[in-house]
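Reminder that position 165 of the sequence shown reads as 171 in this note's numbering, one-by-one numbering, no gaps.
Notes follow once the structure below has been shown.
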Amino acid sequence: MSVKIVVAVTDGDWFQQLRHIPQLTEVNFWSPSPRTFRALQPGELFLFKLHAPINMIVGGGIFASSTVMPLSLAWEAFGASNGVSSLTEMRSRILRYRKLDTSTTGPVEIGCRILTQPFFLDENRWFPPPPSWSKNIVSFTTYGTDEPEGAALWNTMQDAMSPALSNPGFFEQQSRFGEPMLIRPRLGQGAFRLMVTDLYERRCAITKERTLPALEAAHIRPYADGGEHSPNNGILMRRDIHSLFDQGYVTVTPDHRFEVSRRIREEFENGRHYYELHGSAVTIPLKVGQQPDAGALAWHNNDRYLG
């Protein structure tokens with residue numbers, strides 16, 4: 007099958023910051039402006055090419071998703087995996103790219119390209135971009151493996167990545183060599199948070215609250231208890247409801263109704279606002295494959311909910 011490969015102009019400081027972080031599972035290749043990105047589908051390759059004078063492909067990752075998010079949420083979700091050491095540094099760099107005074111205040115939105123399984127090549131394995139690459143490219147260009155340059159890029163990339171591919175868990179075994187194919191992104195916590203936020207259209211599934219800093223992506227079945235960072239294992243909730251959900255004081259039934267445990271009243275002699283929501287319909291995504299997993303909901307009802 008044919009897959010697409012993006013080669014993107016990459017900031018050297020971003021690359022250097024990330025290449026030294028051990029066991030990195032995901033990165034945010036952000037854009038200083040709130041640009042949408044539709045060049046790839048999940049599972050295709052996104053490669054890093056450093057600026058001149060280096061002009062070499064030095065690493066990459068598996069494209070998982072893209073979105074536009076407030077800077078503050080991107081920092082909360084990814085932290086140092088944004089390729090900067092602090093929120094202050096990230097904001098300053100974004101304003102500088104936008105040619106704005108670094109003392110500018112107010113919210114900032116950025117483009118987020120979420121990559122999983124990032125890899126950073128040893129310097130002796132860096133390689134040049136395809137011959138058609140132009141020095142006038144300031145963002146990225148796309149190649150298809152059904153074309154000669156794209157096929158050559160795929161093969162060169164695999165040769166360069168051979169040491170990384172020998173590490174257990176980097177790619178699925180069947181994806182390591184041979185014909186181009188999509189690679190299933192292994193989502194991390196940051197990608198999970200942003201994808202669930204978008205799936206629920208930035209509204210709490212229970213209260214319809216839209217104040218983004220007050221919302222969190224709740225795991226139905228926690229990662230520590232065998233759950234995955236998969237969007238259908240998540241529900242967007244207001245922060246206080248998320249906390250109650252994690253502790254079993256509330257749940258979501260398999261038919262997507264919100265239930266509140268009697269234990270809130272018994273233990274805290276309070277909870278009127280929560281009981282007013284008892285039995286209400288939970289808003290879920292329209293696409294069946296993106297809706298809460300029935301097995302995960304059953305687990306929460308039976309193993310976490312206090313009843």
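Every residue, glycine too, gets a C-beta built ideally from N, C-alpha and C.
Here the structure is a predicted model, which means the values were calculated and not measured.
{"Item": "Under 7 Å Cβ to Cβ from Ala83, same chain only, skipping five residues before and after it: list those, please.", "Value": "Gly196, Arg199 and Leu200"}
{"Item": "Quick one: is Gln123 buried, meaning 16 or more other Cβ sit within 10 Å of its Cβ, or exposed?", "Value": "buried"}
{"Item": "Scan the segment 217 to 256 and note each continuous alpha helix (DSSP H) run of 4 residues or more that stays entirely inside, going in chain order.", "Value": "245 to 253"}
{"Item": "Among Glu265, Thr289 and Asn88, which residue has its Cα nearest to the Cα of His279?", "Value": "Glu265"}
{"Item": "In angstroms, rounded to a whole number, what distance separates the CA positions of Lys105 and Thr94?", "Value": "16 Å"}
{"Item": "For Ala304, collect the residues of the same chain with a Cβ closer than 8 Å to its Cβ; drop the 5 residues on either side in sequence, then sort them by chain order.", "Value": "Pro260"}
{"Item": "Where does Leu200 fall in DSSP's three states?", "Value": "helix"}
{"Item": "Ser72: buried (16+ other C-beta within 10 angstroms of its C-beta) or exposed?", "Value": "buried"}
{"Item": "Can you give, in chain order, each stretch of the alpha helix (DSSP H) that sits fully within the segment 257 to 303 and has at least 4 residues?", "Value": "269 to 274 and 278 to 281"}
{"Item": "Using DSSP with H/G/I as helix, E/B as strand and the rest coil, what is Glu207?", "Value": "coil"}
{"Item": "What's the gap between the Cα of Ser109 and the Cα of Arg25?", "Value": "30 Å"}
{"Item": "Have a look at Arg244, Cys210 and Asp309 and flag the residue whose alpha-carbon is nearest the alpha-carbon of Pro291.", "Value": "Cys210"}
{"Item": "Taking only the alpha-carbon atoms, compute the straight-line gap between Gln180 and Ile189 and give it to the nearest angstrom.", "Value": "Annotation note: pLDDT 39 at Gln180 (below 50); position unreliable, no value reported."}
{"Item": "With a CB to CB cut of under 8 Å and the five nearest residues on each side skipped, what residues in its chain are close to Gly313?", "Value": "Ser267, Arg268 and Arg269"}
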